[in-house]
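J.:
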Amino acid sequence: MPAMQRFTGDLSSIWKLQNLPPIHHLTWDWWWWLVMLDDDDGNPAGKQLMVLWSTKDNPLVEVNGHPWKPVGRPGFDDDGAIAMDGMIAAWWYDGKKMIEPLILEESRIIVVAEDHPDWPYEKGGIVATSTENEFSMGLNPEENQFWLRLETEHGDFDLKMDPWNNAMSSLKVAQAEYGLGMGYGISRLHGALCSGMIDGKQTQGSAYFQKVCVQAPSPPWYWGMLHLDDGSYIDWFLPHISPTITSKDSRPWKNRDITHLPLSMGGLFHDVSRERSEKFSEVRVEKSCNADGLPTFHVHMWNGITEIRIEARAVTRAHWTFDQPTRGGMKSHLTY
């Protein structure tokens, strides 16, 4: 697949919220980067940065034990800028140890883009916080480069994401409604080439991006994605019902974690060598415990043309817990 000169797709969707009317206790909006970087010491697992800007329509959310009380819903000015109470969260695996959290701060989150007086360009935009340190992401007016800047006590991250190929770097948008106002919307960039500096040292790798609105109860799921060296991409998604749906803590292994019943199955393969993309409706995910006490995921997916088997072994663990009141006086616990 030929190299791209700019990102394509409905990029303006990155800077918009509330395509669905918000629902108290359910609506959750976030912008999310997952960055996979090469390790200079040859660690095959590489390095990983995850960063999340998030807001929830709930008066109280405990995030990793930190009580967060969002005030009000996102507000909009006459030119489309957005301001909201939110949190910025990040973890960083430096190739040897997991720093968790790298960031966990409450902040006003500001979104300014496309023809706003404070962003005097026809394209591009920024998501930023009002914190003393800079935690921002954005897209330049030429729409050919994203940036990600984080100032942390473990070093400064100054990363740039460039287009990879059309299958990877064309923003895909999907939305579904289930009734009673519930549903989801997602804008997704399957991949981009990443380069930049971390605490003054050059780095490179690849990155994945999502901007998501979810306003429906969430079942457990298995999700994973892979970037291959040639620019190919694989992902799988398997939401399911299992005994762990009643879990109230974040322990990684539970006696009840014995089986699951898929609610749906989906997989995707962007195959650069054949210049085609394939979808999979048959996906199986099983897991075993490896020598480090962490899961190894055994993924099998197939269609009438292609069969893919993957064994993905975890090398460390990071997680976020969300405890919040829901309708009917009940308490919801989610571990990601």
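At the far end of the sequence shown sits residue 1024, using the numbering used here, and the numbering has no gaps.
Even glycine gets a Cβ: it sits at the ideal position worked out from N, Cα and C.
Can you list, in chain order, the residues of its chain with a C-beta nearer than 6 Å to that of Phe957? Leave out the 5 residues immediately preceding and following it.
T.: For this step, residue 957 is matched to residue 269 along the sequence shown. Counting only Cβ-Cβ distances below 6 Å, and skipping sequence neighbours, we find Ile922, Glu966.
J.: For the candidate residues Glu841, Thr819, Gly812, whose alpha-carbon lies nearest to that of Pro829?
T.: The count along the sequence shown starts at 1 and reaches residue 829 at position 141. Closest by alpha carbon: Gly812.
J.: Would you check if the distance between the CB atom of Ser920 and the CB atom of Met692 is smaller than 8 Å?
T.: Indexing the sequence shown from 1 puts residue 920 at position 232. Indexing the sequence shown from 1 puts residue 692 at position 4. No, Cβ-Cβ distance for Ser920 and Met692 is not below 8 Å.
J.: Could you compute how far the alpha carbon of Ser795 sits from the alpha carbon of Met775?
T.: If you number the sequence shown from 1, residue 795 lands on position 107. If you number the sequence shown from 1, residue 775 lands on position 87. Using only the alpha carbons, I get a separation of about 6 Å.
J.: Since Phe968 and Leu859 are thought to touch, with beta carbons under 8 Å apart, how far apart are those beta carbons, to the nearest angstrom?
T.: Taking the sequence shown and counting its residues from 1, the one referred to as residue 968 is at position 280. Taking the sequence shown and counting its residues from 1, the one referred to as residue 859 is at position 171. Going by Cβ atoms, the distance from Phe968 to Leu859 rounds to 22 Å, so no, they are not a contact pair.
J.: Using the C-alpha atoms, what's the distance from Asp765 back to Asn731?
T.: For the purposes of this step, residue 731 is identified with residue 43 of the sequence shown, where counting begins at 1. For the purposes of this step, residue 765 is identified with residue 77 of the sequence shown, where counting begins at 1. The straight-line gap from Cα to Cα measures roughly 47 Å.
J.: How far does the alpha helix (DSSP H) with Ser857 in it extend, from its first residue to its last?
T.: One-based indexing of the sequence shown puts residue 857 at position 169. 854–857 is the extent of the alpha helix (DSSP H) around Ser857.
J.: Quick one: complete beta strand (DSSP E) runs, 3+ long, within the region 917–992?
T.: Taking only runs of at least 3 residues, the beta strand (DSSP E) segments lying wholly in the region 917–992 are 921–929, 954–959, 964–968, 970–977, 983–990.
J.: For the beta strand (DSSP E) holding Val759, just list the boundary residues, first then last.
T.: The residue given as residue 759 occupies position 71 in the sequence shown. No beta strand (DSSP E) holds Val759; DSSP gives it neither H nor E.
J.: Is Leu705 helix, strand or coil by DSSP?
T.: As a working note, residue 705 is residue 17 in the sequence shown. Looking at Leu705 - three-state DSSP - the assignment turns out to be coil, as it is neither helix nor strand.
J.: Mapping the DSSP letters down to three states, classify Leu838 as helix, strand or coil.
T.: In the sequence shown, residue 838 corresponds to position 150, counting from 1. Strand, per DSSP.
J.: Does the distance from the CB of Trp780 to the CB of Leu737 come in under 8 Å?
T.: For the purposes of this step, residue 780 is taken as residue 92 along the sequence shown, with counting starting at 1. For the purposes of this step, residue 737 is taken as residue 49 along the sequence shown, with counting starting at 1. For Trp780 and Leu737, yes; Cβs fall inside 8 Å.
J.: Between the alpha carbons of Thr947 and Gly753, how many angstroms are there, rounded?
T.: Start at 1 with the first residue of the sequence shown, and residue 947 comes out as number 259. Start at 1 with the first residue of the sequence shown, and residue 753 comes out as number 65. Those two C-alpha atoms are separated by around 29 Å.
J.: Using 10 angstroms around the beta-carbon of Val815, count the other beta-carbons present and answer buried if the total reaches 16, otherwise exposed.
T.: Taking the first residue of the sequence shown as 1, we reach residue 815 at position 127. Val815 is buried by the Cβ-count criterion.
J.: So, is Cys977 buried or exposed, given that buried needs 16 or more other C-beta atoms within 10 angstroms?
T.: If you number the sequence shown from 1, residue 977 lands on position 289. Classification of Cys977: exposed, given that the 10 Å Cβ count is below 16.
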